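The structure appears right after this line, and notes come after that.
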Ligand SMILES: NC(=O)c1ccc[n+]([C@@H]2O[C@H](COP(=O)([O-])OP(=O)(O)OC[C@H]3O[C@@H](n4cnc5c(N)ncnc54)[C@H](O)[C@@H]3O)[C@@H](O)[C@H]2O)c1
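In the working numbering, the protein residues as written are 42 to 395.
Structure, rendered in structure tokens:
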């Protein structure tokens, strides 16, 4: 098997939003790589996201297949050992995580399990198999609230939610492995991503789909929280660069366009050409407990060292994103009718924050 492909990458959590965009981007750009996608298919994982690749691959003989899907958990050492032995990976890129802050405020057990224990299991297996490169996908939320200025890669970690604390913990564990065990790892901290295939509990797809369903969009607090909005393909381009050119044991921030949540909703409202004022389409709720008001990751390091610059303009790709959800209503409608989606929103309503 490994004679045909020069390199095989283990992608963990590739059936989620960013992972499936990354696999599509990478699969189309690099025919010489083989990709193994290990995903537990939790509520946010969706194999349908990669159906176009799966159907192309189905008609190839097994040994020539460039994409393999394995349903499994990063906390399961047996599966990891089996895959590492079978494929002799050249790198691992870990997207697998519990990723929604609101859910971590309702219950944090799964967050600790996957985001900390799962990552520990992955780096321990990587170390034992002398993996040449490990890339951890992390978040700007690990820096916590940034009232003024910017957070850079060496800024203190000051997480505010169980989600961001679990991601910060993973970053620290990885840092310790790079120092003590010489694990060749790199951390990439992305800001708020948006684009196609995002699970519709996150702000952009929830707003688009609620507006289309004539439901009001819940807005935390005043809606003046500032996030750095990053188009998912720009993030994929950054991960690609880090994989090929990033320096071992380093961390790279990747940032987008600063906007308040209300500004993002206004832009979606405009793109959908909704009648009436935005006020008629939104409802303000109690703020998240411990909410961060501003994230502002500085990404001069990846720009200067690796030459990454954002390629996409916020207004243009937000319009494209709105169009994608307009054209793929069956995709998000199927998700929104599942009990795991409905139950979460019932719980949020009871707590009066969404
Ligand atoms: N979405 C963002 O704005 C954003 C920004 C910066 C960083 N990140 C990070 O990027 C990564 C991907 O985020 P996303 O938005 O695509 O999340 P997502 O929730 O859409 O996808 C997560 C994927 O991980 C899988 N998964 C969960 N637990 C698993 C386990 N134990 N074993 C194997 N697979 C498991 C899920 O099935 C799903 O396919 C996460 O690590 C997240 O912290 C996300």
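Glycine included, C-beta positions come from ideal geometry on N, C-alpha and C.
For clarity, every value in this text was computed on a predicted model and none was experimentally measured.
Check                                                                                                                                                                      : Outcome
Apart from the five residues on each side of it in sequence, which residues of its chain come closer than 6 Å, Cβ to Cβ, to residue 147?                                   : 388
Quick check: what's the CA-CA separation for residue 246 versus residue 390?                                                                                               : 19 Å
Express the C-alpha separation of residue 270 and residue 151 in angstroms, rounding to a whole number.                                                                    : 26 Å
Between which residues of its own chain and residue 395 is the CB-CB distance below 8 Å, once the five residues before and five after are set aside?                       : At residue 395, the pLDDT of 49 sits below 50, so the modelled position is not reliable and the matter cannot be decided from this model.
My understanding is that residue 211 touches residue 198, with C-beta atoms under 8 Å, so please give their C-beta distance in whole angstroms.                            : No, residue 211 and residue 198 are not in contact; Cβ-Cβ is about 11 Å, not under 8 Å.
Taking the beta carbon of residue 345 as the centre, do at least 16 other beta carbons fall within 10 Å, making it buried, or is it exposed?                               : exposed
Can you tell me whether residue 104 is buried or exposed? The criterion is at least 16 other CB atoms within 10 Å of its CB, across all chains shown.                      : exposed
Quick check: what's the CA-CA separation for residue 54 versus residue 294?                                                                                                : 20 Å
Tell me the rounded alpha-carbon separation between residue 242 and residue 382.                                                                                           : 8 Å
According to DSSP, which residues form a beta bridge with residue 260?                                                                                                     : 325
In its own chain, which residues sit with a C-beta less than 7 Å from the C-beta of residue 42, not counting the 5 before and 5 after it?                                  : With a pLDDT of only 44 at residue 42, under the threshold of 50, the placement of this residue in the model should not be trusted; the figure read from the coordinates follows. Once the five neighbours on either side are set aside, the close Cβ partners of residue 42 are 104.
Going by DSSP, what residue range makes up the beta strand (DSSP E) through residue 80?                                                                                    : 74-80
Return the chain-ordered list of same chain residues with a C-beta closer than 6 Å to the C-beta of residue 137, the five sequence neighbours on each side being excluded. : 53, 54, 115
Using three-state DSSP, classify residue 129 as helix, strand or coil.                                                                                                     : coil
DSSP state of residue 111, grouped into three classes?                                                                                                                     : strand
So residue 164 is in the alpha helix (DSSP H); what residue range does that whole segment cover?                                                                           : 160-169
Considering only heavy atoms of ligand 1, does any lie closer than 7 Å to the CB of residue 79?                                                                            : yes
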